[in-house]
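There are 2 protein chains.
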Amino acid sequence: MDATPFFQLLYWDALTEKEQNLVEENIRTLRFEKNALVLGGGDCLGLLLVTKGRLRAYLLSEEGREVTVFRVGPGECCVLSASCVMSQIHFETHMEAEEESELLLLGSGVFRQLTEENVSIRCFLYEMAAERFSEVLWVMQQILFMGFDRRLALFLVEACRRAGGQQLKVTHEQIARDLGSAREVVTRMLRRFSEEGLVELGRGTVTVKAPEGLERLADG
Amino acid sequence: MDATPFFQLLYWDALTEKEQNLVEENIRTLRFEKNALVLGGGDCLGLLLVTKGRLRAYLLSEEGREVTVFRVGPGECCVLSASCVMSQIHFETHMEAEEESELLLLGSGVFRQLTEENVSIRCFLYEMAAERFSEVLWVMQQILFMGFDRRLALFLVEACRRAGGQQLKVTHEQIARDLGSAREVVTRMLRRFSEEGLVELGRGTVTVKAPEGLERLADG
């Protein structure tokens, strides 16, 4: 198994030869269909590295409401899928494959062993975790504190950046799920944006007409 | 300066003698009156250790709303007051002294230097940060998602007032419809209330046993 992409992530040079072999022997490849569940609540798979596709991590409320908290794209890795390796940290996230995806996985058993015997790996784990948590907190703060118009504007600005264009193929339902809101709220706000000339609404599409206006709104 | 309390926290044995001296020479004592601001938004003091009193960390919305996210008591330390030492992490918290307090501070300059030259200190930093973040996230999730216990308590308090008594003739289905939720969620939460002695569940009835307890819950 070519563990190259893991090498740089895992502070490869800080590993002993024995540890390097352990990683190489234990990396597995996982494939997921679009929309397949990758990580259920409470699951602890291990260290993930996305090689193809994209994962979406979300929180799930007791009422079944989803809030998207981050995405993991090609070349990126995620340690929150190894939460059981971090003592004293209790955080449950769900993950699904947003597209057909391929991952490299270092199982939680071997990963735990490495973090226990090598402080550099341990450092890698917590550094990555802190970084993700800070991302998740940012999203939560948005929801709690920011006005919904700003959040929606920010969503559209970022979606354009990801799509590399101004016509977005996205339903109000999808936007609502992403923003932890209700479809009606999204529709109402999009209609306001449309009246203000910021966007144009089509069937299953939102076209951004005034990106600068949206960016101003997103910046507050 | 007696740096003893820092010793164990900072993985003291992992420090070289030179590093140990650096810490001892650079620890300062800070004292705060009750209600004094310890950390403003965007401030980066350094590594804090509370020796007396208690700090309260909170987030502040643009509209000035506060949300308490954690407390730091005697013998506990906090790295989120050194956020500038963590690259790629953007998180702004405020802190105030909830009581008259005394802290030991290792300034961000020296702390940064130590994290850069010693991977154990770096590990300590991110481990502590991840732990705090996970605490903060739990609080945020409660606010965002667990609002349901409050809403249900409020519903019951008002229903008693309307009924002029404590025995309510109402099905879980009716409550769910009223609160825009699912029957299963209502049933689960009522069962929790029942275990806590707040209500007694009968066939088609909910009897409130501890109205003060429910009111406290409803008030948040």
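Here the protein sequences come in this chain order: A and B.
Residue 270 is where the first sequence ends in this note's numbering, and the numbering goes up by one at each step.
Residue 270 is where the second sequence ends in this note's numbering, and the numbering goes up by one at each step.
Cβ coordinates follow ideal geometry from the N, Cα and C atoms, glycine included.
No experiment lies behind these values; they were computed from the predicted model shown.
Along the alpha helix (DSSP H) that carries residue i, what are the first and last residues, could you check?
i, result
"Arg106 of chain A", "Here Arg106 of chain A belongs to no alpha helix (DSSP H); instead the beta strand (DSSP E) covers Leu105 to Leu110."
"Val160 of chain B", "Ser158 to Glu167"
"Arg115 of chain A", "First-last for Arg115 of chain A: undefined, no H or E at that position."
"Val207 of chain A", "Phe198 to Ala213"
With burial defined as no fewer than 16 other Cβ atoms inside 10 Å of the residue's Cβ, what is the status of residue i: buried or exposed?
i, result
"Arg253 of chain B", "exposed"
"His222 of chain B", "buried"
"Glu83 of chain A", "exposed"
"Asp269 of chain B", "exposed"
"Gly214 of chain B", "exposed"
"Leu204 of chain A", "buried"
"Gly96 of chain A", "buried"
"Ala86 of chain A", "exposed"
"Gly103 of chain B", "buried"
"Leu241 of chain A", "As written in the sequence, residue 241 of chain A is Arg, which differs from the Leu given in the question. The residue is exposed, with fewer than 16 neighbouring Cβ atoms inside 10 Å."
"Arg182 of chain A", "buried"
"Asp228 of chain A", "buried"
"Val125 of chain A", "Position check: residue 125 of chain A holds Gly in this sequence, whereas Val was assumed. With fewer than 16 other Cβ atoms within 10 Å, it is exposed."
"Leu230 of chain A", "It should be noted that the sequence gives Gly, not Leu, for residue 230 of chain A. Classification for Gly230 of chain A: buried."
"Ser137 of chain A", "exposed"
"Glu69 of chain A", "buried"
"Glu177 of chain B", "buried"
"Glu146 of chain A", "buried"
"Thr66 of chain B", "exposed"
"Arg211 of chain B", "exposed"
Helix, strand or coil, according to DSSP, for residue i in the structure here?
i, result
"Met145 of chain A", "strand"
"Lys219 of chain A", "strand"
"Arg266 of chain A", "helix"
"Lys84 of chain B", "coil"
"Tyr97 of chain B", "Looking at the sequence shown, residue 97 of chain B is not Tyr but Leu. It is a strand residue."
"Thr66 of chain B", "coil"
"Ile77 of chain B", "strand"
"Ser231 of chain A", "coil"
"Val236 of chain B", "helix"
"Glu181 of chain B", "helix"
"Glu245 of chain A", "helix"
"Ser137 of chain A", "coil"
"Val122 of chain B", "strand"
Consider the Cβ of residue i: report whether some Cβ of chain A lies at a distance smaller than 9 Å.
i, result
"Val169 of chain B", "yes"
"Met136 of chain B", "yes"
"Phe141 of chain B", "yes"
"Ala268 of chain B", "no"
"Glu245 of chain B", "no"
"Gln191 of chain B", "yes"
"Glu177 of chain B", "yes"
"Ala180 of chain B", "yes"
Determine whether the Cβ of residue i lies closer than 9 Å to any Cβ atom of chain B.
i, result
"Val122 of chain A", "no"
"Ser184 of chain A", "yes"
"Trp62 of chain A", "no"
"Arg172 of chain A", "yes"
"Met239 of chain A", "no"
"Tyr108 of chain A", "no"
"Leu187 of chain A", "yes"
"Ala132 of chain A", "no"
"Arg234 of chain A", "For clarity, residue 234 of chain A is Glu in the given sequence; the question names Arg instead. So no, Glu234 of chain A is outside the interface."
"Gly114 of chain A", "yes"
For residue i, report the span of its beta strand (DSSP E) as first-last.
i, result
"Thr257 of chain B", "Thr255 to Val258"
"Glu250 of chain A", "Val249 to Gly252"
Report the CB separation of residue i from residue j in whole angstroms; it is logged as a contact under 8 Å.
i, j, result
"Leu187 of chain B", "Val186 of chain A", "6 Å"
"Glu152 of chain A", "Arg81 of chain A", "5 Å"
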